[in-house]
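Yeah, the sequence shown ends on 609 if you go by this note's numbering, and it's all consecutive. The C-beta atom is built at its ideal place from N, Cα and C for all residues, glycine as well.
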Amino acid sequence: MCGIVGYVGPKEAAGVLIGGLRLLEYRGYDSAGIAILDDKGALNVERATGKLKALETKLQGRTLQGHAGVGHTRWATHGRPSDENAHPHEADGVVVVHNGIIENYRELKEALIKKGRKFRSETDTEVLAHLVADHIARGKPFVDAVRAALQEVTGAYAVVFMAKADPSHLVAARVASPLILGLGDGETMVASDIPAILPHTRKILALDEGEFAVLSRDAIVLTTLDGKPIERKPRTVDWTPAMAERGGYKHFMLKEIHEQPQAVADTLRGRISADETSVLLDEPEILNEAIERIVVIAMGTSNHAAQMLRDYMERVARVPCSVELASEFRYRDPLVGPGTLAVAISQSGETADTLAAAKEAKRKGARVLAITNVMESSLARIADSRLYTRAGVEIGVASTKAYVTQLVAGYLLALAVAEKKATLGATERKHHLQQLLHLPMQISTVLKSADAVIVPMAKAWQQAPSALFLGRGMQVATAYEGALKLKELSYIHAEGYAAGEMKHGPIALIDPDFMVLVVGTKDATYEKLVSNVQEVRAREGRVFCIVNQGDTALRELSEQVFELPPSTPETAPILAVLPLQLLAYHVACLRGYDVDQPRNLAKSVTVE
Ligand code: AGP
């Protein structure tokens, strides 16, 4: 979704803003822009459709000097991607950048047009600049004008304003979309996410729901939207700017795939007792309450992790557990209440539907546990309890290490519930926990051996018109995830299916050009899966399999296989997704696509 950066301080603002926007590119965008106020109060705005490069080309030869400014990368919602619709928007010296949706913009726009105001874009955002300009024209100082304008607005937003009338201040506010404030030495910043601030300061403050901040060089003053003072101390984040760099890899996604052994080790760190029989949750109190059922809510890749969490929970803790797409759950009047534990899974902690679903579950009396990667995220803050995945910054739009750490966190949570409900004895729990402890090493082994098989496999898939990913049991969710990775990165149509469903329709697609990827690790349904694959081969479909070492039955039916080290049914999904991530990565590279920022996608989907 859109990226926002704002700066006031001694540095040239243009450089700070462009650098910050670059660090927010992972959010996905289709145009970009900056506005700078120079020391004499003159305002310069530059915007361009496309990537930051296009904006930089426009800026070449122009020196936008000034020490206060706002910048934006736009992911179009209202109005197509164009220079006119790109942010910042300006009206009579008032500039605004915005992430979110102003729901009542049509009424506001009509009223402002009647007052003689002229609009230059198709966006909902431009009304904000006009509203503030209107209040200034009627005598309000800038900060009060922003406050008054926001009282008239409904919707979800993160906004930053700047005005010629008051060049030493920026004003930021948040209703639903994230905003982080940074306090440096004689400078302050605001941005949609922490990486944009890290090159300048590690002292940060997360703006909460309904909060309003006035930034000047030396201070940030926090209040509610209607002006009540708020006291909150900044905290120091230990991420370094280098953590957000590519670290020598061609793409962030590849770097993040190779960070998975460390990420999983971090997820496990300190969470297994010395005798390896118990899970030590960060906030275990939530399990003290009677849990009759569990509902897991999430979107996209996180929903695949949710499906896996359901299977872990049912296997080891024997608690009824269902999985819901947050976008459906939130509107369905779901049957949850006291006795329900709602587990919300979200890498970013900012996905609009997941947040709304978690709030709905809470409103109905359920307790909410968040599995998220981002401390201080909106989900982390509304939840009753948190289990952080500790994957580190994930920049690539395609989720990789975030997903694998969600699986590990889900497995840990299920084992904690199993201990609480006494569905597993200490010996069994120890067996599971030892399997988890082997994972970082096993993931390294898989990644080291992967390219020798996956690169040639990717060449065979490069021209694939369409593909099916099949699995059974826990590997159904792996099949869904493998198909999602391939389609989002390489734009090849791909679907995940439970192999048992093949005969009920999808088998009609199979012909000699049709690609089928089978996640065929050994479990109770292995023989059934082999029969399903035989049916594909009988129709001359092209079969590629992920198998355990020593497999023979699937190998005989496959054009190529990728072998995994020995695994259990519970650890196999964590290992099997790795070659699928790499397959999607290499196919997309071979097809020449932007792996880190696939078309039409945003890293955090902060609007519904
Ligand atoms: C998958 O690669 C995508 N990035 C997407 O499906 C993502 O998992 C989804 O948008 C949910 O995001 P979240 O985990 O931040 O809530």
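Looking at the secondary structure, which residues open and close the beta strand (DSSP E) in which E564 lies? 561 to 565
What first and last residue would you give for the alpha helix (DSSP H) that runs through G72? Looking at the DSSP string, G72 is not in any alpha helix (DSSP H); the run it does join, the beta strand (DSSP E), is 69 to 75.
Just to confirm, does T302 get its C-beta within under 8 Å of one of the non-hydrogen atoms of ligand 1? yes
Hey, would you say V172 sits closer than 9 Å to G72, going by beta carbons? no
Rounded to whole angstroms, how far is the Cβ of I37 from the Cβ of L60, which I believe are closer than 8 Å? About 10 Å; that fails the 8 Å criterion.
Helix, strand or coil for Y594? Go by DSSP, reduced to three states. coil
Can you determine whether any heavy atom of ligand 1 sits closer than 8 Å to the C-beta of E351, and answer yes or no? yes
Spell out the partners DSSP gives G497 in its beta bridges. F470
Should E91 be labelled buried (16 or more other beta-carbon atoms within 10 Å of its own) or exposed? buried
Out of K141, G34, R28, which has the shortest C-alpha to C-alpha gap to V17? G34
Cβ-Cβ separation, L448 to V409 (assumed contact under 8 Å), whole Å: About 16 Å separates the two Cβ atoms, so there is no contact after all.
So the beta strand (DSSP E) T224 belongs to, where does it begin and stop? 221 to 225
Is any heavy atom of ligand 1 found at a distance shorter than 8 Å from the C-beta of S605? yes
Check the DSSP bridge columns for L485 and list the partner residues they point to. None; L485 has no bridge partner.
Give me whichever residues DSSP pairs with M163 in a beta bridge. V96, L171
Got a sec? Which residues, its chain only, sit under 6 Å from N549 by beta carbon, not counting five neighbours each side? T522, K523, L565
Is A484 near ligand 1 - that is, is its Cβ less than 8 Å away from at least one heavy atom of it? no
Is Q348 near ligand 1, judged by its Cβ being under 8 Å from some heavy atom? yes
Beta-carbon proximity check, D31 vs T58, cutoff 9 Å: no
Touching or not, the stretch 586 to 604 and the stretch 455 to 464, by the rule of three or more beta carbon pairs under 8 Å? yes
Classify V6 as helix, strand or coil using the three-state DSSP reduction. strand
A399 Cβ short of 8 Å to ligand 1 heavy atom set: yes
Identify whether L518 lies in helix, strand or coil by the three-state DSSP scheme. strand
Starting from the Cα of M254, find the closest Cα among Q348, E104, L490 and give me that residue. L490
Can you say whether G472 is buried or exposed, counting buried as having 16 or more other CB atoms within 10 angstroms of its CB? buried
Per DSSP, the bridge partner or partners of N45: I37
With distance defined between alpha-carbon atoms, name the residue in L602, V608, E609, T607 nearest to Y27. L602
Beta-bridge pairing of G101 - partner residues as DSSP gives them: Y158
Given a cut-off of 9 Å on the beta-carbon distance, is the pair V96 and V46 in contact? yes
For Y313, which three-state DSSP category applies? helix
Skipping 5 residues on each side, what residues in its chain have a beta carbon closer than 6 Å to that of T479? G472, V520, P574, A577, V578
Per DSSP, A190 is paired with what? One detail in the question is off: residue 190 reads as Met in this sequence, not Ala. Its beta-bridge partners are Y8, G183.
Nearest CA to the CA of V320: which residue from E420, L25, E329? E420
Report the rounded CA-to-CA distance for T572 versus A159, giving the unit in angstroms. 40 Å
Using DSSP's beta-bridge definition, name the partner residues of E91. V96
Could you tell me which residues DSSP puts in a beta bridge with T341? R294
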